[in-house]
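Take a look at the structure below.
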Amino acid sequence: MGQIHLEKVRKAFGDVVIIPELDLQIEDGEFVVFVGPSGCGKSTLLRLIAGLEDVTGGKIVIDGADATTLPPAKRGLAMVFQSYALYPHMSVRKNIAFPLKMAGMDKAEIDRRVDYAAKTLNLDNYIDRRPGQLSGGQRQRVAIGRAIVREPKAFLFDEPLSNLDAALRVGMRLEISELHQRLKTTMIYVTHDQVEAMTMADKIVVLRAGNIEQVGSPLELYSQPRNTFVAGFIGSPRMNLLGGKEAAGYAAATMGIRPEHIRLSTTEGKWKGTVKVSEHLGSDTFLHVESPVHDEPLTVRADGEFPVHAGDVVYLTPQEDKIHRFDDKGLAIRGNGRVAG
Amino acid sequence: MATLHTKSAARAMMAPAVIVLLIWMIVPLAMTLYFSTLNYTLYNPISTPFIGFENYSYFLTDPTFLAALANTLILVLGVLAITVIGGILIALLLDQEFYGVNIVRLLVIAPFFVMPTVAALVWKNMMMNPVYGVIGQLLQAVGLAPIDWMTEVPLLSIVIIVAWQWLPFATLILLTALQSLSADQKEAAEMDGAGALSIFWYITLPHMSRAITVVILIQTIFLLSIYAEILVTTQGGPGSQSTNITYLVAQQATSYGDIGAASAGGIVAVVLANIVAIFLVRLIGKNLDA
Amino acid sequence: MARNVTTGRKIGTTILAWFVGLVIFFPILWTFLTSFKTELQAISIPPVFVGFDWTLENYRTIQTQSNYFHFMANSIYLSLGSTALGLIFAIPAAWAMAFSPTKRTKDVLLWMLSTKMLPAVGVLIPIYLLFVRFGLLDSRLGLIVVLFLINLPIIVWMLYTYFKEIPGEILEAARMDGASLGKEITQVLAPMAVPGIASTILLNVILSWNEAFWTLNLTTSNAAPLTAFIASFSSPQGNFYAKLSAASMLAIAPILIVGWFSQKQLVRGLTFGAVK
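Residue numbers (UniProt numbering), protein chains in the order written: chain A, 1 to 341; chain B, 1 to 290; chain C, 1 to 276.
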């Protein structure tokens, strides 16, 4: 079990409101990612669920029982911290065993669980070392090991990959996803990196200034962003958001089109522009095109071999069925936006 | 950044230390303040009539007080001058590369660990004794007349002894500050064409300025209450030539049994120390935010 | 050190530095040497440096005549007792300040510091009278309490600066792992802060060992530590240089060694973390 419901949860430090009233349902076995720019309250929200901070108002219900005032250890949750927070004076074995020892488990059972965790996480060879002698990736695994031995109702991850280098990050991302497949335990994962969110989550919660902007599956957020913030935040490179006349043509205050949904031509198209920078990544080429329709360069994805260089003139045509429309409050306008013109 | 649980636990954990210090500060100070308004001597402790500010006017107008105040200032300023200037020079020297750095460091800081009574007696007898003292014999060896330090220049003698004790402290702290100066800065200055003296004046000294301030303030706190060094050497004499405020107050109580006057003197000492303390607390408080 | 210093310059610096070091150290060195001389050699003119008959006689006399070990034991009791008491009060306080700071934490820290600046002489009289009243004069217990109180701010401050360097996330991890407050402090915080706690103990032992205002004013013989023992040599006895030297060496040797080991941490403790 691992059902977590937040009901009207509020958090303020003095007069500073970090999280205005917020409701959220996390179902058993879900992989939920909280994503948002720094300072959006995602870590605070996680710490509220963990019990490391008190809520200012509202209720936290875990598996049907009110956990709002329970101390962290009584909530049955395990947490992996950004800095891993390993105990530097204990060996890997003792680190992993610590929560079991605190729970007063008997020695044989502790050993059994620790050995099992060490094997699953490939830590056997380091089991007697201290954290200081391990690499970043190994420390990360120890932190995860310390979390899984408790067989918690849910795992909480606070930006666990941000201290790893890029190559390791991709590997650990996969490992955590695999772990979720295997354990099928609820996981709540906080990150500022939308790529991590898109690749790992069953459900993404996009936060801004303590407010939930949208909740949905990665594909929902990608194809039906609820507002301009989510539209701009999810997807890489960012969606092009145009206002003014072009948007008015679609009966919207803002129109959005993703770089991968623009057809590119050297001879004809809807918008004429000049290539400012072209980034060749091999598989793809991203072009930054200056065009009179928008005051910022438009980003366009072309395939890897598209032969253009800075200074070339190109023509861009947005795919009509992939256009997103937003009203003057930034909210998505649903339905077919086709308007003559 | 914590829960109510931890916050209330934190308050409970802090309470004992705060409470004992609060009692330690308030109770005796209030008693001193109270005694300072009484005509209270150990010879007649039964009758202690209230006399207002009489103890203060007695203590403050006593010529010995003015002498003691002057001596206190000379003692503090003299020791500060020697230790800060000497400390900077020795710190600069120890920051160089040479053989046996670690041993020399140990030699230089050793006096700080010598208890005040030992330091004072060793200097009084074995260094400064006009006949058998090493300094006297050294002077005679070069054909000069030996000095009877404790009677001819009592205050200077105490300044020397105390400066010897505090020089290691100043050196150690200034050296620590010096070593935290990044080589980049010095190299950048060198690239800009600064000579050794300019580097010292424009880079090194400003970098050490906070450490120097800390040394001055902390030493002042301790130097204002020099006691043992005077007690075992000159006992404030000859006359009151080497009496400082602390010694004078203690003497009022222990030798003359005048609790009232001694209490008034104690309050005067507290006021003087507070003037220094305000600056020190501000400086360290600023550092807390950084 | 990117560049090599020329050998000539290095030798010059070496000579100068050793000269300065030896001049500063000389009084201690001379005391050390004198402690092994006979009284006659100790005052010989011109002074003898090392070419004398080394004797342990002075050390023997010191113990038999003046009961040195009694004072030594008192010094140990007072410094260890006040330090232990200090840690018991300071560790929880420093934990609270470092890991659950509030708006007032800084004020409390500075206020504690300011109590350290209260000149002892300002409170001597009432403390003396209270000691007389409660029969604490010349008692170890009374002095332990006073030394504990005068050094408590330094202990709290030192521990606070060391604790501040321990990441709060580790303590939060312990809390998530089910550690109670007591276990969080004893099994996670304290083992991680061992170096800091050790240097705090060392500095506090040094300060208590050398404290020479309260120990001189509140003791006569029973609870008198080495500071008072040495002070008794200021009488004509002080003319016996060799014995004075032996007594002095006995009084300072233990703390000199402790001090040499803790010199690095000393800076931080004595400047309340303002210079690291």
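In this text, a Cβ means the ideal position worked out from N, Cα and C, and glycines have one as well.
- C:M1, buried or exposed, once every other Cβ within 10 Å from all chains shown has been counted against 16: Position 1 of the third sequence holds residue 1 of chain C. The pLDDT assigned to C:M1 is 44, lower than 50, so where the model puts this residue is not dependable; a value taken from the coordinates is nonetheless given after this. Counting of Cβ neighbours within 10 angstroms places C:M1 among the exposed residues, the total staying below 16.
- Task: Take the Cβ of A:E53 as the centre, count every other Cβ of all protein chains shown within 10 Å, and call the residue buried at 16 or more, exposed below.
- Result: Start at 1 with the first residue of the first sequence, and residue 53 of chain A comes out as number 53. The residue in question, A:E53, is buried, as its Cβ has 16 or more Cβ neighbours within 10 Å.
- Have a look at B:A228 and B:G195 and give me their C-alpha separation to the nearest angstrom. If you number the second sequence from 1, residue 228 of chain B lands on position 228. If you number the second sequence from 1, residue 195 of chain B lands on position 195. Rounded to the nearest whole angstrom, the C-alpha separation of B:A228 and B:G195 is 46 Å.
- Item | DSSP-derived helix/strand/coil call for A:R301 | Within the first sequence, numbered from 1, the residue matching residue 301 of chain A stands at position 301. Note: A:R301 maps to strand in three-state DSSP.
- Query: Does the ligand SAM have even one heavy atom less than 7 Å from the beta-carbon of C:T161?
  - Reply: With respect to the ligand SAM, the structure offers nothing, as it holds no ligand at all.
- Query: Would you say B:F50 faces chain C, with C-beta separation under 8 Å as the test?
  - Reply: In the second sequence, counting from the first residue as 1, residue 50 of chain B sits at position 50. With a threshold of 8 Å between beta carbons, B:F50 makes no contact with chain C.
- By DSSP, does C:P101 sit in helix, in strand, or in coil? As a position in the third sequence, residue 101 of chain C is number 101, starting the count at 1. In the structure shown, C:P101 sits in coil (DSSP, three-state: anything other than H, G, I, E or B).
- By the criterion of Cβ-Cβ separation under 8 Å, what are the contact partners of A:G51 in chain B? If you number the first sequence from 1, residue 51 of chain A lands on position 51. In chain order, T3 make up the part of chain B whose C-beta sits under 8 Å from the C-beta of A:G51.
- Member of C:R140, C:L152, C:I76 and C:A90 whose CA lies at the smallest distance from the CA of C:L250: For the purposes of this step, residue 250 of chain C is taken as residue 250 along the third sequence, with counting starting at 1. Relative to C:L250, the option among C:R140, C:L152, C:I76 and C:A90 whose CA is nearest is C:I76.
- Message: So with CB distances below 7 Å, who are the chain A contacts of C:G178?
- Response: Mapped onto the third sequence, residue 178 of chain C falls at position 178. Taking the beta carbon of C:G178 as reference, the chain A residues within 7 Å of it are A73, P99, M102 and A103, listed in sequence order.
- Item | The alpha helix (DSSP H) enclosing A:T25, as first and last residue numbers | One-based indexing of the first sequence puts residue 25 of chain A at position 25. A quick correction: the sequence has Gln, not Thr, at residue 25 of chain A. Element bounds for A:Q25: not the alpha helix (DSSP H) but the beta strand (DSSP E), V16 to I26.
- Item | Enclosing beta strand (DSSP E) for C:N151 [first to last residue] | By one-based count along the third sequence, residue 151 of chain C stands at place 151. Unbroken run through C:N151 is the alpha helix (DSSP H), R140 to K164; no beta strand (DSSP E).
- Message: With three or more C-beta pairs closer than 8 Å as the rule, is the stretch 325 to 333 of chain A touching the stretch 250 to 270 of chain A?
- Response: Touching, yes, given that three or more Cβ pairs across the two stretches are closer than 8 Å.
- Any Cβ of chain C within less than 8 Å of the Cβ of residue 291 of chain B? The question about residue 291 of chain B has no answer, for chain B in this structure spans 1 to 290.
- Check each candidate in C:W111, C:A212, C:R9 and C:M112 and name the one with the smallest Cα separation from C:L143. Stepping through the third sequence from its first residue, residue 143 of chain C is reached at position 143. Minimum Cα distance to C:L143 is reached at C:A212.
- Report yes if the CB atom of A:I204 is closer than 8 Å to the CB atom of A:L221, and no otherwise. Mapped onto the first sequence, residue 204 of chain A falls at position 204. Mapped onto the first sequence, residue 221 of chain A falls at position 221. Cβ distance < 8 Å, so A:I204 and A:L221 count as in contact.
- Message: Against chain B, with Cβ distances strictly below 8 Å, would A:V9 count as a contact?
- Response: The residue labelled residue 9 of chain A in the question sits at position 9 within the first sequence. Judged by the 8 Å Cβ criterion, A:V9 is not in contact with chain B.
- A:N211, enclosing beta strand (DSSP E) - first and last residue: Taking the first sequence and counting its residues from 1, the one referred to as residue 211 of chain A is at position 211. It spans N211 to G216 - the beta strand (DSSP E) in which A:N211 sits, taken as one unbroken run.
- Item | Under 8 Å between C-beta atoms of B:L283 and C:L266 | Counting from one through the second sequence, the residue named residue 283 of chain B turns up at place 283. Counting from one through the third sequence, the residue named residue 266 of chain C turns up at place 266. No, the pair does not count as a contact, with Cβ atoms beyond the cut-off.
- Which same chain residues, not among the five before or five after A:G145, have their C-beta less than 7 Å away from its C-beta? Numbered from 1 along the first sequence, position 145 holds the residue referred to as residue 145 of chain A. So the list reads I96, A117, A118, L121 and L123, once near-sequence residues are dropped.
- Item | Rounded C-alpha distance that separates A:R238 from A:F81 | Numbered from its first residue, the first sequence carries residue 238 of chain A at position 238. Numbered from its first residue, the first sequence carries residue 81 of chain A at position 81. Whole-angstrom Cα-Cα distance: 29 Å.
- Task: Could you check the C-alpha separation between A:I18 and A:P218 for me, to the nearest Å?
- Result: What you label residue 18 of chain A is simply residue 18 of the first sequence in a count that begins at 1. What you label residue 218 of chain A is simply residue 218 of the first sequence in a count that begins at 1. About 25 Å.
- Query: Just how far apart, CA to CA, sit A:A12 and C:R140?
  - Reply: Position 12 of the first sequence, counted from the start, is the residue given in the question as residue 12 of chain A. Position 140 of the third sequence, counted from the start, is the residue given in the question as residue 140 of chain C. Those two C-alpha atoms are separated by around 52 Å.
- Can you pull the DSSP bridge partners for C:E169? In the third sequence, the residue the question calls residue 169 of chain C occupies position 169. Looking at the DSSP assignment, C:E169 forms no beta bridge with any residue, so it has no partner.
- Message: Less than 6 Å between C-beta atoms, sequence neighbours within five positions excluded: which residues of the same chain meet that for A:I262?
- Response: On the first sequence, residue 262 of chain A is found 262 positions in, with the first residue counted as 1. Cβ within range, chain order: V300, L316 and P318.
- Task: Starting from A:P63, find everything on chain B with Cβ-Cβ shorter than 9 Å and list it in chain order.
- Result: Here residue 63 of chain A refers to the residue found at position 63 when the first sequence is read from its first residue. At residue 63 of chain A the sequence reads Asp, which differs from the Pro that was named. Going along chain B, no residue has its Cβ under 9 Å from A:D63, so there is no contact; the nearest lies around 21 Å.
- Item | Pairwise C-alpha distance: A:S223 and A:D321 | In the first sequence, counting from the first residue as 1, residue 321 of chain A sits at position 321. In the first sequence, counting from the first residue as 1, residue 223 of chain A sits at position 223. For A:D321 and A:S223, the gap between their C-alpha atoms comes out near 11 Å.
- Query: CB B:V108 to CB B:V162, shorter than 8 Å?
  - Reply: Counting from one through the second sequence, the residue named residue 108 of chain B turns up at place 108. Counting from one through the second sequence, the residue named residue 162 of chain B turns up at place 162. Not a contact, by the Cβ cut-off of 8 Å.
- Query: Mapping DSSP to helix, strand and coil, what is B:T6?
  - Reply: Taking the second sequence and counting its residues from 1, the one referred to as residue 6 of chain B is at position 6. Helix, per DSSP.
- Message: With H, G and I counted as helix, E and B as strand and the rest as coil, what does DSSP make of B:I85?
- Response: Here residue 85 of chain B refers to the residue found at position 85 of the second sequence. DSSP, reduced to helix, strand and coil, places B:I85 within a helical segment of the structure shown.
- What are the boundary residues of the beta strand (DSSP E) that A:I111 is part of? As a working note, residue 111 of chain A is residue 111 in the first sequence. In the sequence as presented, Ile is not what sits at residue 111 of chain A; that position holds Asp. Here A:D111 belongs to no beta strand (DSSP E); instead the alpha helix (DSSP H) covers K107 to T120.
- Query: With 16 as the cutoff for other CB atoms within 10 Å, does A:G341 come out buried or exposed?
  - Reply: Along the first sequence, read from residue 1 onward, the residue named residue 341 of chain A stands at position 341. For A:G341, the predicted model reports a pLDDT of 33, less than 50, meaning its position is unreliable; a value from the coordinates is still stated below. Exposed is the call here.
- Query: Which class does A:G57 belong to by DSSP, given the choice of helix, strand or coil?
  - Reply: Translated into positions along the first sequence, residue 57 of chain A becomes position 57. Looking at A:G57 - three-state DSSP - the assignment turns out to be strand.
- Determine the extent of the beta strand (DSSP E) in which A:D128 is found, giving its start and end residues. Taking the first residue of the first sequence as position 1, residue 128 of chain A is located at position 128. It is not in any beta strand (DSSP E) - A:D128 carries neither H nor E in the DSSP assignment.
- Item | Close Cβ partners of C:M112 (< 8 Å) along its chain, the five nearest in sequence each way excluded | The sequence position of residue 112 of chain C within the third sequence is 112, counting from 1. Result list for C:M112: L152, P153, V156 and W157, in chain order.
- Which chain A residues sit within Cβ distance under 8 Å of C:I255? As a working note, residue 255 of chain C is residue 255 in the third sequence. Simply none; closest approach about 29 Å.
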